[in-house]
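Visitor: Numbering of the sequence shown is given in this note's numbering, commencing with residue 122 and proceeding in unit increments.
Even glycine gets a Cβ: it sits at the ideal position worked out from N, Cα and C.
Sharing a structure, written as structure tokens. Questions coming.
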Amino acid sequence: MNGKKILVTGATGQVAGPVARALTDGNEVWALGRFGTPGAQEALTRHGIRIFRWDMDDTAAGALKGLPEDFTHVFHSAVRRGEDGDFNAAVEVNSVAAGRLMTHCRTAEAFLYVSTGALYARQTLDHKYTETDPLDGKADWLPAYPVVKIAAEGTVRAFAQTLGLPTVIARLNIAYGPGGYGGVPMLYFKRMLAGEPIPVPLEGQNWTSLLYTDDLVEQVPHLWNAASVPVTLTNWGGDEAVGITDCVRHLEELTGVKADLVPSEVTRETYQFDPALRRSLTGPCKVPWREGIRRTLEAMYPEYLKN
């Protein structure tokens, strides 16, 4: 992409941060957010990213006053996850924020909303979820989160058609890689280092579709190209089926650090995607998951990586 004016929300996060930085090559990139973490704003401005302060909790009509309206592309990743358990507040904040943002950027060429695979109705552990699978919005590890995403998806669909704004909803799987906290695999590695138990299913293992940072960044322009009215809806994960237990065992092999895997009725559920639709939009991924894990360890925990 070249010569575009791009707006990114959630740019201090694991997903949107690398996207924002990569897009500065040949484009004008703005980041929208609170930037409450010390050094977060400076880390973006060092890459030439322009800053506009915006709190999603501010649902007033004038919250975006002063922000340019002539963005060509929008990447909306920011979310209030509902950790406090207030479902109603989280639904309102996320839905209203999406509507405000889409209205403000109604002349854009493409709007990308980052959703989640956690909103699918749970089936067998190794089921390959497609975009037409049923939803239920249940997640024991963070109950409000999938509910919020379902509500916001509804808002995004409505505003896309009302405004005539070409839009793509990408239901993200587990993104990981150097930078940020490294993604879920590195959360597991931190538990391994601390000797903390890692809950796993009583039988079998959770399956997922890990998406490495480099592939994620490369696929964003392709997803924008797929934006349409009504919205284009796609799952967004890697090409390979990855067992979470297998992933942890691979971390053990690479580092020699042992994992305490504890069978449990409650685990952090993950979802394996059928990648067919996404591949048709973006092309295949380029980084195999085992190589991606190694690269992430090399960048974040080199002292533990065995030669």
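1) What is the C-beta distance between S349 and I290, in whole angstroms, given that I count them as a contact (C-beta under 8 Å)?
2) Could you check what DSSP says for I271 in three-state terms: helix, strand or coil?
3) In chain order, what residues of the same chain lie with their CB nearer than 7 Å to the CB of T388, ignoring the 5 residues before and after it?
4) Would the beta-carbon of W151 fall within 7 Å of that of L128?
5) For the candidate residues H248, R312, W345, whose alpha-carbon lies nearest to that of L372?
6) Taking the alpha carbon of L331 as the reference point, which residue from G303, P342, V352, V195 has its own alpha carbon closest?
7) Beta-carbon within less than 7 Å of V408's beta-carbon, same chain only, minus the 5 sequence neighbours each way: which residues are those?
8) Round the Cβ separation of L256 and E204 to the nearest angstrom and send it over; I've been treating them as touching at under 8 Å.
9) Rounded to the nearest angstrom, what separates V378 and K427 at their Cα positions?
10) Taking 7 Å as the CB-CB limit, is G275 close to chain B?
11) Which of the three DSSP states, helix, strand or coil, is assigned to L332?
12) Since K126 and D178 are thought to touch, with beta carbons under 8 Å apart, how far apart are those beta carbons, to the nearest angstrom?
13) Would you call the segment 352-365 in contact with the segment 204-220, where contact means no fewer than 3 C-beta pairs closer than 8 Å?
14) With DSSP as the reference, identify every bridge partner of K249, one or two as the case may be.
15) With respect to the alpha helix (DSSP H) encompassing E374, which residues constitute its N-terminal and C-terminal limits?
16) I need the boundaries of the beta strand (DSSP E) containing N356, first residue and last residue.
17) Give me the Cα-Cα distance between T145 and P384, rounded to the nearest whole angstrom.
18) If you draw a straight line from the C-alpha of L398 to the C-alpha of T355, how long is it?
19) Are at least three pairs of beta-carbons, each pair with one atom in the segment 224-238 and one in the segment 159-175, less than 8 Å apart?
20) Identify which residue in A296, V277, L293 has its Cα closest to the Cα of P287.
21) How big is the Cα-Cα spacing for L188 and C226?
22) Can you name, in chain order, every residue of its own chain whose Cβ lies under 7 Å from the Cβ of R411, other than the five neighbours on each side?
23) Sorted by chain position, which residues of the same chain lie with C-beta nearer than 6 Å to T403's C-beta, five sequence neighbours on each side aside?
24) With distances taken from CA atoms, which of V195, M122, E324 is nearest T245?
25) For the beta strand (DSSP E) that H194 lies in, which residues bound it at each end?
26) Could you check the C-alpha separation between N123 and G147 for me, to the nearest Å?
27) In three-state DSSP terms, what is A296?
28) Applying the criterion that 16 or more other CB atoms from any shown protein chain within 10 Å of the CB defines a buried residue, is E274 buried or exposed?
29) Please report the residue range of the beta strand (DSSP E) in which R171 lies.
Guide: Taking the coordinates as given:
1) Looking up residue 349 in the sequence shown gives position 228. Looking up residue 290 in the sequence shown gives position 169. Between I290 and S349 the Cβ distance is about 11 Å, and since that is not below 8 Å, they are no contact.
2) Walking along the sequence shown from the start, residue 271 turns up at place 150. Note: I271 maps to helix in three-state DSSP.
3) Position 267 of the sequence shown, counted from the first residue, corresponds to residue 388. Once the five neighbours on either side are set aside, the close Cβ partners of T388 are P320, V321, P322, N327.
4) In the sequence shown, residue 151 corresponds to position 30, counting from 1. In the sequence shown, residue 128 corresponds to position 7, counting from 1. For W151 and L128, yes; Cβs fall inside 7 Å.
5) Counted from its first residue, the sequence shown places residue 372 at position 251. Of the candidates H248, R312, W345, the one whose C-alpha sits nearest the C-alpha of L372 is R312.
6) Walking along the sequence shown from the start, residue 331 turns up at place 210. When each option's Cα is compared against that of L331, the closest is G303.
7) Residue mapping note: residue 408 aligns to position 287 of the sequence shown, counting from 1. Counting only Cβ-Cβ distances below 7 Å, and skipping sequence neighbours, we find Y333, D335, D336.
8) Taking the first residue of the sequence shown as 1, we reach residue 256 at position 135. Taking the first residue of the sequence shown as 1, we reach residue 204 at position 83. Rounded, the Cβ-Cβ distance is 21 Å, inconsistent with contact.
9) One-based indexing of the sequence shown puts residue 378 at position 257. One-based indexing of the sequence shown puts residue 427 at position 306. Rounded to whole angstroms, V378 and K427 show a C-alpha spacing of 10 Å.
10) Of the protein chains in this structure there is only one, and it is not chain B.
11) In the sequence shown, counting from the first residue as 1, residue 332 sits at position 211. Here DSSP, grouped into helix, strand and coil, assigns L332 to strand.
12) Position 5 of the sequence shown holds residue 126. Position 57 of the sequence shown holds residue 178. Rounded, the Cβ-Cβ distance is 26 Å, inconsistent with contact.
13) no
14) Numbered from its first residue, the sequence shown carries residue 249 at position 128. Bridge partners of K249: Q393.
15) Here the question's residue 374 lines up with position 253 in the sequence shown. E374 -> alpha helix (DSSP H) spans 365-376.
16) Here residue 356 corresponds to residue number 235 of the sequence shown, with the count starting at 1. Its beta strand (DSSP E) spans residues 353-357.
17) In the sequence shown, the residue the question calls residue 145 occupies position 24. In the sequence shown, the residue the question calls residue 384 occupies position 263. Roughly 45 Å separates the two Cα atoms.
18) Along the sequence shown, read from residue 1 onward, the residue named residue 398 stands at position 277. Along the sequence shown, read from residue 1 onward, the residue named residue 355 stands at position 234. Their backbone Cα atoms lie some 7 Å apart in a straight line.
19) no
20) Residue mapping note: residue 287 aligns to position 166 of the sequence shown, counting from 1. Considering only alpha carbons, the answer is V277.
21) Walking along the sequence shown from the start, residue 188 turns up at place 67. Walking along the sequence shown from the start, residue 226 turns up at place 105. A direct Cα-to-Cα measurement between L188 and C226 gives close to 10 Å.
22) Residue 411 sits at position 290 when you count from the first residue of the sequence shown. Within the same chain, R411 has close Cβ partners H371.
23) Within the sequence shown, the letter at position 282 stands for residue 403. Once the five neighbours on either side are set aside, the close Cβ partners of T403 are Q340, H343.
24) Along the sequence shown, one-based indexing puts residue 245 at 124. For the residues V195, M122, E324, the minimum Cα distance to T245 belongs to E324.
25) What you label residue 194 is simply residue 73 of the sequence shown in a count that begins at 1. In the DSSP assignment, H194 falls within the beta strand (DSSP E) that extends over 194-197.
26) For the purposes of this step, residue 123 is taken as the residue at position 2 of the sequence shown. For the purposes of this step, residue 147 is taken as the residue at position 26 of the sequence shown. If you take the alpha carbons of N123 and G147, they lie about 5 Å apart.
27) For this step, residue 296 is matched to residue 175 along the sequence shown. It is a strand residue.
28) Start at 1 with the first residue of the sequence shown, and residue 274 comes out as number 153. It counts as buried.
29) Here residue 171 is taken as the residue at index 50 of the sequence shown, counted from 1. Segment 171-174, the beta strand (DSSP E) holding R171.
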